[in-house]
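Each remark here refers to the structure printed beneath this line.
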């Protein structure tokens, strides 16, 4: 589970770099549009966080996490497909950013609630330490990887990276 989450975190940070870069370089977005796109990726956290936390107390966490991962894969996979077909638009980037952000809120809160059901005591402390370390590594590796993918692979490869990293294997319940 830790490995899968680490890969997914790197993919998330690849997206944080790739979406605005594609908006600027491929779709010729204005600085205002790029700023709004960056905001769209995180707007779900303050808008949905409290409601999602209450709702998650009433549902099974593992199936919820799986649904969120599948939904993010589909959303992010639509971007390279649209780019390859020449249909990629700024509107689609916004829709995917907001939708994936909402899925991420649900997944992140579920994940934080699920880990303590798997680990207890010092194992929980070690597990949380590893997750924090993974986040720190992802913040460094994600943008570097994204820039390389965009530079040498182009828009379609850059946009494909997060779709392939969203699926983080979860343990059996």
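In our numbering, the protein residues as written are 295 to 467.
The beta-carbon is built from N, C-alpha and C at its ideal position, and this holds for glycine as well.
Hey, residue i and residue j are a contact pair by Cβ (cut 8 Å); roughly how many whole angstroms apart?
| i | j | result |
| --- | --- | --- |
| residue 427 | residue 394 | The Cβ separation is near 24 Å, so there is no contact. |
| residue 429 | residue 321 | With 8 Å as the limit, residue 429 and residue 321 do not qualify as a contact, their Cβ atoms being about 29 Å apart. |
Who are the near neighbours of residue i in its chain, counting only those whose CB is closer than 8 Å to its CB and skipping five residues on each side?
| i | result |
| --- | --- |
| residue 327 | 317 and 384 |
Taking 7 Å as the limit between beta carbons, can you name the residues of its chain near residue i, skipping five residues before and five after?
| i | result |
| --- | --- |
| residue 332 | 314 |
My output table needs one value for residue i: the three-state DSSP class, helix, strand or coil.
| i | result |
| --- | --- |
| residue 464 | Residue confidence for residue 464 is low, a pLDDT of 47 falling below 50, so the modelled location carries little weight; the figure read from the coordinates is stated next. Residue 464: coil per DSSP, three-state reduction. |
| residue 381 | coil |
| residue 307 | helix |
| residue 386 | helix |
| residue 313 | helix |
| residue 352 | coil |
| residue 323 | coil |
| residue 403 | helix |
| residue 451 | helix |
| residue 295 | coil |
| residue 445 | helix |
| residue 337 | coil |
| residue 413 | coil |
Determine the closest residue to residue i out of the options, with distance taken between C-alpha atoms.
| i | options | result |
| --- | --- | --- |
| residue 312 | 444, 459, 374 and 458 | 444 |
| residue 354 | 297, 403, 448 and 300 | 403 |
| residue 330 | 439, 407 and 392 | 392 |
| residue 305 | 319, 346, 339 and 363 | 363 |
| residue 344 | 396, 416 and 387 | 396 |
| residue 437 | 425, 453 and 423 | 453 |
| residue 449 | 366, 416, 372 and 421 | 372 |
| residue 300 | 323, 422, 375 and 334 | 422 |
Might you give, ordered along the chain, the residues of its own chain that have their beta carbon closer than 6 Å to the beta carbon of residue i, omitting 5 neighbours on each side?
| i | result |
| --- | --- |
| residue 465 | Reliability of the predicted coordinates at residue 465 is poor, the pLDDT of 46 falling under 50, and the value obtained from them is presented with this limitation in mind. So the qualifying residues of the chain are 295. |
| residue 439 | 308 |
| residue 382 | 376 |
Under 7 Å from any heavy atom of the ligand FMN, does the C-beta of residue i make it?
| i | result |
| --- | --- |
| residue 411 | This structure lacks the ligand FMN, and indeed carries no ligand of any kind. |
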